[in-house]
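Protein chains: 2
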Amino acid sequence: MIDLDSILKQIEPSKDEKIKVNDFSMQLIKIINQMAHEKGINAEAVLLGSVAKGTWLAGKGDIDIFIKFPINTSREELKTQGLELGKKCIQIVDGNAEERYASHPYVTGILKGYQVDFVPCYDINSFHELKSAVDRTILHTEYIIKNLEPIQTKEVLLLKRFMEMVGTYGSEFKVGGFAGYLLELLVLQYKSFQEVLIAAANDWKPGYKIDLEEYGTTDLFEDPLVVVDPVDKNRNVAASLTIQKMSEFTLAARNFLENPRESYFYPPILQVNKTDLRNDFINRGTKTIIIAFSAPKIPSDALHPQIKKTKKSLVKIMENGDFNVLGSDSWTDEEKTVVILLEMATWSVSLLKKHAGPKVWDSENGKKFYEKHPEAWIEGDQWMTLVERSYNNAESLIQGILTPRGIQRVRVGKHLKKEILKNYQLIDVMDLLVAEDVEEQVLEFLHHYLHKNEFLNRPI
Amino acid sequence: MIDLDSILKQIEPSKDEKIKVNDFSMQLIKIINQMAHEKGINAEAVLLGSVAKGTWLAGKGDIDIFIKFPINTSREELKTQGLELGKKCIQIVDGNAEERYASHPYVTGILKGYQVDFVPCYDINSFHELKSAVDRTILHTEYIIKNLEPIQTKEVLLLKRFMEMVGTYGSEFKVGGFAGYLLELLVLQYKSFQEVLIAAANDWKPGYKIDLEEYGTTDLFEDPLVVVDPVDKNRNVAASLTIQKMSEFTLAARNFLENPRESYFYPPILQVNKTDLRNDFINRGTKTIIIAFSAPKIPSDALHPQIKKTKKSLVKIMENGDFNVLGSDSWTDEEKTVVILLEMATWSVSLLKKHAGPKVWDSENGKKFYEKHPEAWIEGDQWMTLVERSYNNAESLIQGILTPRGIQRVRVGKHLKKEILKNYQLIDVMDLLVAEDVEEQVLEFLHHYLHKNEFLNRPI
Numbered sequence: 001m002i003d004l005d006s007i008l009k010q011i012e013p014s015k016d017e018k019i020k021v022n023d024f025s026m027q028l029i030k031i032i033n034q035m036a037h038e039k040g041i042n043a044e045a046v047l048l049g050s051v052a053k054g055t056w057l058a059g060k061g062d063i064d065i066f067i068k069f070p071i072n073t074s075r076e077e078l079k080t081q082g083l084e085l086g087k088k089c090i091q092i093v094d095g096n097a098e099e100r101y102a103s104h105p106y107v108t109g110i111l112k113g114y115q116v117d118f119v120p121c122y123d124i125n126s127f128h129e130l131k132s133a134v135d136r137t138i139l140h141t142e143y144i145i146k147n148l149e150p151i152q153t154k155e156v157l158l159l160k161r162f163m164e165m166v167g168t169y170g171s172e173f174k175v176g177g178f179a180g181y182l183l184e185l186l187v188l189q190y191k192s193f194q195e196v197l198i199a200a201a202n203d204w205k206p207g208y209k210i211d212l213e214e215y216g217t218t219d220l221f222e223d224p225l226v227v228v229d230p231v232d233k234n235r236n237v238a239a240s241l242t243i244q245k246m247s248e249f250t251l252a253a254r255n256f257l258e259n260p261r262e263s264y265f266y267p268p269i270l271q272v273n274k275t276d277l278r279n280d281f282i283n284r285g286t287k288t289i290i291i292a293f294s295a296p297k298i299p300s301d302a303l304h305p306q307i308k309k310t311k312k313s314l315v316k317i318m319e320n321g322d323f324n325v326l327g328s329d330s331w332t333d334e335e336k337t338v339v340i341l342l343e344m345a346t347w348s349v350s351l352l353k354k355h356a357g358p359k360v361w362d363s364e365n366g367k368k369f370y371e372k373h374p375e376a377w378i379e380g381d382q383w384m385t386l387v388e389r390s391y392n393n394a395e396s397l398i399q400g401i402l403t404p405r406g407i408q409r410v411r412v413g414k415h416l417k418k419e420i421l422k423n424y425q426l427i428d429v430m431d432l433l434v435a436e437d438v439e440e441q442v443l444e445f446l447h448h449y450l451h452k453n454e455f456l457n458r459p460i
Numbered sequence: 001m002i003d004l005d006s007i008l009k010q011i012e013p014s015k016d017e018k019i020k021v022n023d024f025s026m027q028l029i030k031i032i033n034q035m036a037h038e039k040g041i042n043a044e045a046v047l048l049g050s051v052a053k054g055t056w057l058a059g060k061g062d063i064d065i066f067i068k069f070p071i072n073t074s075r076e077e078l079k080t081q082g083l084e085l086g087k088k089c090i091q092i093v094d095g096n097a098e099e100r101y102a103s104h105p106y107v108t109g110i111l112k113g114y115q116v117d118f119v120p121c122y123d124i125n126s127f128h129e130l131k132s133a134v135d136r137t138i139l140h141t142e143y144i145i146k147n148l149e150p151i152q153t154k155e156v157l158l159l160k161r162f163m164e165m166v167g168t169y170g171s172e173f174k175v176g177g178f179a180g181y182l183l184e185l186l187v188l189q190y191k192s193f194q195e196v197l198i199a200a201a202n203d204w205k206p207g208y209k210i211d212l213e214e215y216g217t218t219d220l221f222e223d224p225l226v227v228v229d230p231v232d233k234n235r236n237v238a239a240s241l242t243i244q245k246m247s248e249f250t251l252a253a254r255n256f257l258e259n260p261r262e263s264y265f266y267p268p269i270l271q272v273n274k275t276d277l278r279n280d281f282i283n284r285g286t287k288t289i290i291i292a293f294s295a296p297k298i299p300s301d302a303l304h305p306q307i308k309k310t311k312k313s314l315v316k317i318m319e320n321g322d323f324n325v326l327g328s329d330s331w332t333d334e335e336k337t338v339v340i341l342l343e344m345a346t347w348s349v350s351l352l353k354k355h356a357g358p359k360v361w362d363s364e365n366g367k368k369f370y371e372k373h374p375e376a377w378i379e380g381d382q383w384m385t386l387v388e389r390s391y392n393n394a395e396s397l398i399q400g401i402l403t404p405r406g407i408q409r410v411r412v413g414k415h416l417k418k419e420i421l422k423n424y425q426l427i428d429v430m431d432l433l434v435a436e437d438v439e440e441q442v443l444e445f446l447h448h449y450l451h452k453n454e455f456l457n458r459p460i
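Just so you know, the protein sequences line up as chains F and W, in that order. Residue 330 in this note's numbering sits at position 330 of the first sequence, and the numbers go up by one each step. Residue 224 in this note's numbering sits at position 224 of the second sequence, and the numbers go up by one each step.
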């Protein structure tokens, strides 16, 4: 086994960092509580999340301040007063407040280099009192603080770092991977980083079930991985984990256990250059089309599903047009650009295609069909004819689809639709890879598209 | 209705023709019977078939002489003595004898311009005594002579001519259409040419049943059309009729009844020229590949099924290679050349293609797969990789298949296989249509491929 201690030294926050982030968190809580007191608002700020649990990776101490209101507070009052307190607090410490909506509204700001979220919630003591999705965070934090041994914190950090570096960490839509709380529960279940990997490598398969508190409710869920929430027996903590990311983690765990290398805890060293990428694409003998357009100004968790849905719909339309798609992917910097990649196995087809009509014995419909298609003929006892395709090459089909009229066929979110109709670029990847001004991130995206395993397997 | 009498005048044999063919038939029978008598062979020649029934079309009086042997004759003796008598008879009248095997051996020759077949058979009185397939012909001829009114002979001639001209006449493999005996039974059933057409146009559909002698055995058969043989209740006279030709006749009948035109009784006037054909193919935006090779010296009824089987197998191989086939057809002059046509909807595809491996959870096989394909990746929970296609364009796939090794993948008869491996030509139809020495018949084949309905519908 490799020296995990030396890795821990780099990923565990220093005493200094711990003191700083805790002091600053306390300062923010004090500000909120004092303001609430002054304004006569019945609310209390508490520190939750990874900083409260002591499970953040060095330099990534995101501060989650939850502002608890009594359960009988109205939703409107909770939202107005909670957001108001958060915004004011951000102003006091000289940051810029940004209001956001996940399933629940909150304010966020970058303060002293920390990402700080202020989240209004209800002050609940058990899941029976749950009034909004974020209330559970109180119970989660309490549960981990109470159950996770200090020594196990290190195991969580190793697992979190490993997951980050192999690309399976994060339950947001962009990733569809493992949430931080889920990692902590896995360490509680298996005791150590290594035991989690051993279980994933050897035991996990779709439908695998973990029930720490032995509620016996695992059969309620049909997700790839079931981890019953210790604070809410009716919830699967792994509900948002995709089979893709579960599989990838299993593979990474197997690869690591077989050849444990420190490189699994660091980003892969990419050597991306246009010439290699061009040669890779040339060797595949495919035609790869890049569709690029401006990113709409919507939250990340709304943007990524819209892009994925659009990509999936485009693939389906291509295949229905007899253009076989070898692979597809998408990328966005979430600010300026969205890129959808379609790698075609077939990109040019005949102008005419066969179209089946009624049976010969259905004389009434057969007659209509024959009148409409004078060159129709019989195959077996079925009327057949040739009809002209609207598009006989992949690019013209895409151009036809991405018009105000054509786009009605695409399952695409309204924000993306607007941006696409405003302007989009259609580029052959071969042309892109000789252009001067290609962003490094786009090249990395192409590299990752061609080498999908580079995160999961570290040969050096 | 059009003037059927004027058509009849052209297709009905003249009195002179009738006398000549009957006299010649009697002369041949006399020769055979005299020889048999001299050689002490217990056999008797009789005239059967359309000449005996009086249902042949003017100028097409093929003479069928059956040489009947007593039922207790051995098969060997029947064959040796029967063929011997036939051959000698042909020599006596100065023709060239050719021995043939259908389901049964016979000798054939062109004598005084008539195609004459000498067929050894058993002298049976009912189907219970059937010893070979051809014995039934005796009973068929007797049944028609006994039941077909002289006036109905004209109806048979009209139906036969109509069927010939729309391309549905002939039960041999090449056509898969209606046998002469079947036409006669249809006239017995429906009384007239026109009533046969009305029934086909309005009543027929797959599974339609005719049982002239009311045997009640129609449920024994599952063919598209069931016509119980009046002389053998266990046989469907329409067994070899394909659903294709049944459908085509139905369509031709509908077209004729809607717009009765004399042209249905004559060959369509084809105006075939290379420029039009080229333009037709260009407008389809397809790629049409012609495979041409020498015709093997085998009987027509063996050749056509082999060609069709080969064509079907080639289409399947193309489609399995992701090359979509829009249409296919074949042609042979039965002597020199066989042509197989493949019109491609997709003729160029990517060099690499996706190949699915085991599930991720099957770690043993997954590991093997990954070792074999280091660039493999995971989709959902399935291993995937790219593999190189052997052929990424349609022509190279065909060239690869038509080699001693590759041809093992093709379902092809041994005679065709031999000819193909000896030599074949692969020609793009565009190149063929600028060549100097294209046979007229090949051009007509291409024309018919492009205009499949020209026989069934006569707009002028």
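For glycine and all other residues, C-beta sits at the position ideal for the given N, C-alpha and C.
- Look at F:T346: its C-beta is under 8 Å from a C-beta on chain W.
- Residue burial is scored here from C-beta neighbours: W:A133 has fewer than 16 other C-beta atoms within 10 angstroms and is therefore classed as exposed.
- F:L426 is a Cβ neighbour of F:I398, given a cutoff of 8 Å.
- Of all residues in the region 236 to 247 of chain F, those with a C-beta nearer than 9 Å to a C-beta of chain W are T242, I243, Q244, M246, S247, reading in chain order.
- Rounded to whole angstroms, F:D223 and F:A238 show a C-alpha spacing of 8 Å.
- At a C-beta separation below 9 Å, F:K354 has these neighbours in chain W: L326, G327, A345.
- In this structure, W:L85 is the residue among W:V93, W:L85, W:K112 with its C-alpha nearest to the C-alpha of W:E99.
- Inside the region 210 to 241 of chain W, DSSP marks whole beta strand (DSSP E) runs of 3 or more residues at positions 225 to 229, 232 to 236, from first to last along the chain.
- Ranked by how close their Cα comes to the Cα of W:W347, the residues W:R278, W:N392, W:G54, W:K336 have W:N392 in first place.
- Between W:K205 and W:L57, the C-beta spacing is not below 8 Å.
- Counting the other CB atoms within 10 Å of its CB gives F:T168 a total of 16 or more, which places it among the buried residues.
- Less than 8 Å divides the Cβ of W:I291 from the Cβ of W:I340.
- When secondary structure is reduced to three states using DSSP, W:Q425 falls in the strand class.
- Taking CB atoms only, F:R284 has a neighbour in chain W less than 8 Å away.
- Taking the C-beta atoms as reference points, F:E248 is found no nearer than 8 Å to F:T288.
- The contact set of F:W377 on chain W, defined by CB atoms closer than 7 Å, consists of K452, N453 in chain order.
- In this structure, the straight-line span from the alpha carbon of F:P13 to that of F:A43 is close to 31 Å.
- With its beta carbon less than 8 Å from one in chain W, F:N392 belongs to the interface.
- In summary, W:T403 is exposed, with fewer than 16 beta-carbon neighbours lying within 10 Å of its beta-carbon over all protein chains present.
- Within chain W, the residues placing a beta-carbon under 9 Å from that of F:G380 are T242, I243, Q244, S247, ordered along the chain.
- Looking only at W:A52, W:S192, W:G113, W:L241, the smallest Cα-Cα distance to W:E172 is reached by W:L241.
- Taking C-alpha positions only, W:V387 is separated from W:R405 by approximately 21 Å.
- Non-local C-beta neighbours of W:I41 in its own chain, meaning closer than 6 Å and more than five positions away in sequence, comprise Q81, ordered along the chain.
- Setting aside the 5 residues that flank it on each side, F:W331 is surrounded in the same chain by V339, F445, each with a C-beta closer than 6 Å to its C-beta; the list follows chain order.
- Put simply, the backbone Cα of F:F265 is about 33 Å away from that of F:E214.
- By the Cβ neighbour-count rule, F:M430 is exposed, with fewer than 16 other Cβ atoms within 10 Å of its own.
- Per DSSP, F:E395 is one residue of the alpha helix (DSSP H) stretching across 394 to 401.
- Per DSSP, the beta-bridge partners of W:T337 are W:S294.
- For W:V116, the closest C-alpha among the options W:G95, W:F127, W:S126 is that of W:G95.
- Straight through space, the alpha carbons of W:G49 and W:V93 are spaced by roughly 21 Å.
- Classified as buried, W:N255 has 16 or more neighbouring CB atoms from the shown chains inside 10 Å of its CB.
- DSSP places W:I41 outside any alpha helix (DSSP H), giving it a letter other than H or E.
- Among the residues of the region 250 to 283 of chain W, those with a Cβ less than 8 Å away from any Cβ of chain F are T250, L251, R254, N283, in the order of the chain.
- Rounded to whole angstroms, the separation of the alpha carbons of W:P150 and W:K87 is 34 Å.
- Taking 8 Å as the cut-off, the Cβ atoms of F:I124 and F:I145 do not count as close.
- Residue contact check for F:P13 against chain W: no CB pair falls below 8 Å.
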